[in-house]
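> I am attaching a structure below and will ask some questions about it afterwards.
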Amino acid sequence: MHPGLLCFAVNEEFRPFHDLWREKGGTLEPFEWPGPRTFTGRAWFDDGLVVIVTGMGSRNAEEAGRQAVLRWKPGWLVTSGFAGGLSRDWPRESLIYESDPDFPDALRFSDAGFRPGRLTCQPKIAWNRESKSRLATTVGADAVEMESGALRRVAATHGVPSLTARVISDDWQEDLPLNFGLLMDEQQRLHRGRLAIALAKQPTKIPELAAFGKRAQASARRLASALVTAILTPTLRSVDPAIPQRHPNR
Numbered sequence: 006m007h008p009g010l011l012c013f014a015v016n017e018e019f020r021p022f023h024d025l026w027r028e029k030g031g032t033l034e035p036f037e038w039p040g041p042r043t044f045t046g047r048a049w050f051d052d053g054l055v056v057i058v059t060g061m062g063s064r065n066a067e068e069a070g071r072q073a074v075l076r077w078k079p080g081w082l083v084t085s086g087f088a089g090g091l092s093r094d095w096p097r098e099s100l101i102y103e104s105d106p107d108f109p110d111a112l113r114f115s116d117a118g119f120r121p122g123r124l125t126c127q128p129k130i131a132w133n134r135e136s137k138s139r140l141a142t143t144v145g146a147d148a149v150e151m152e153s154g155a156l157r158r159v160a161a162t163h164g165v166p167s168l169t170a171r172v173i174s175d176d177w178q179e180d181l182p183l184n185f186g187l188l189m190d191e192q193q194r195l196h197r198g199r200l201a202i203a204l205a206k207q208p209t210k211i212p213e214l215a216a217f218g219k220r221a222q223a224s225a226r227r228l229a230s231a232l233v234t235a236i237l238t239p240t241l242r243s244v245d246p247a248i249p250q251r252h253p254n255r
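For the sequence shown, the numbering used here begins at 6 and goes up steadily by one.
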């Protein structure tokens, strides 16, 4: 049986899923990657399911996704995590998904509370109302994030049907406390020194950052509950290798 592959960018997105999955009887044991790996994240596995944390941004996502797809040859790939809303139709904690036509039983995600929508994958964080408004006008998407495009291109290259499942962590009119894009290092990880300097210059941002963190945690818990509902079933957690998968060149 080919396992399913579930991808998050950061631990803040993954941890509530991990905890709820284990609460529902799953295991998700850490996977020690043999040999060198060139991405910053980690992997966990259960019977019929592999979960990877890729690190932020398309470069990390593409490399982690490529290595995971080559290693496990999954029957399907789901890329998940936070997204920024681009219209009033998608308030905070809304669940949005977009899938390939041949993704196995995508209606499970509708049943779990996700609504179909259009996502755009961008190289930079849309951190304020102005940047979100520009994207809404130029791209015409419902939500924005940074990793799914790269992961789904990898999946398509290897003939793996894929689906994006995201939660709106900040809505169309919400500014993030800081422009986090300016605080990342070369590996797209939050640089603690840059964060400390930014907060020292703007100490009033500290309570805003704490409040944003609490809202993000609530969004992550909402996402985790819906994902567990959608994925924790024998028919979706693994795929029979006898069923023909999409050809890599299609």
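Glycine is no exception: its CB is placed at the ideal position from the N, C-alpha and C atoms.
Computed from a predicted model, the values in this text were never measured in an experiment.
For the alpha helix (DSSP H) holding residue 169, just list the boundary residues, first then last.
First-last for residue 169: 167-175, but that is the beta strand (DSSP E), not the alpha helix (DSSP H).
> So residue 84 and residue 153 are in contact, right, with Cβ under 8 Å, and what is the actual spacing, rounded?
At roughly 4 Å, the Cβ-Cβ gap stays under 8 Å, so residue 84 and residue 153 are in contact.
> By alpha-carbon positions, which one of 8, 150, 48, 7 ends up nearest to residue 20?
Of the candidates 8, 150, 48, 7, the one whose C-alpha sits nearest the C-alpha of residue 20 is 48.
> Identify, in the order they occur along the chain, each residue of the same chain with its Cβ nearer than 6 Å to the Cβ of residue 247, setting aside the five sequence neighbours on each side.
Because residue 247 sits at a pLDDT of 39, beneath the cut-off of 50, its placement in the model cannot be relied upon, and the point is left open.
> According to DSSP, is residue 51 helix, strand or coil?
It is a strand residue.
> Could you tell me the alpha carbon to alpha carbon distance between residue 232 and residue 67, rounded to whole angstroms?
Cα-Cα distance, rounded: 22 Å.
> Under 6 Å Cβ to Cβ from residue 23, same chain only, skipping five residues before and after it: list those, please.
Only 33 meet the Cβ criterion.
> Could you tell me how far apart the beta carbons of residue 119 and residue 174 are, in whole angstroms, since I believe they sit closer than 8 Å?
Not confirmed; about 15 Å, so no contact.
> When DSSP builds the beta bridges, which residues end up paired with residue 88?
According to DSSP, residue 88 bridges with 173.
> Expressed to the nearest angstrom, what Euclidean distance is found between the alpha-carbon atoms of residue 144 and residue 125?
Rounded to the nearest angstrom, the two C-alpha atoms are 7 Å apart.
> With distances taken Cα to Cα, identify the nearest neighbour of residue 117 among 79, 127, 99.
Cα-wise, what sits closest to residue 117 is 99.
> Where DSSP assigns a beta bridge to residue 83, which residues make up the other side?
In DSSP, residue 83 forms a bridge with 11, 168.
> With residue 149 as the anchor, note down where its beta strand (DSSP E) starts and where it stops.
Residues 148-150.
> Put residue 236 into one of helix, strand or coil per three-state DSSP.
Correct three-state label for residue 236: helix.
> Taking the DSSP output, what are the residues bridged to residue 100?
Answer by DSSP bridge pairing, in chain order: 172.
> Quick check on residue 46: buried or exposed, where buried means 16 or more other Cβ atoms within 10 Å of its Cβ?
Buried, by the Cβ-count rule.
> Determine the DSSP secondary structure at residue 35, reduced to helix, strand or coil.
Three-state DSSP puts residue 35 in a strand.
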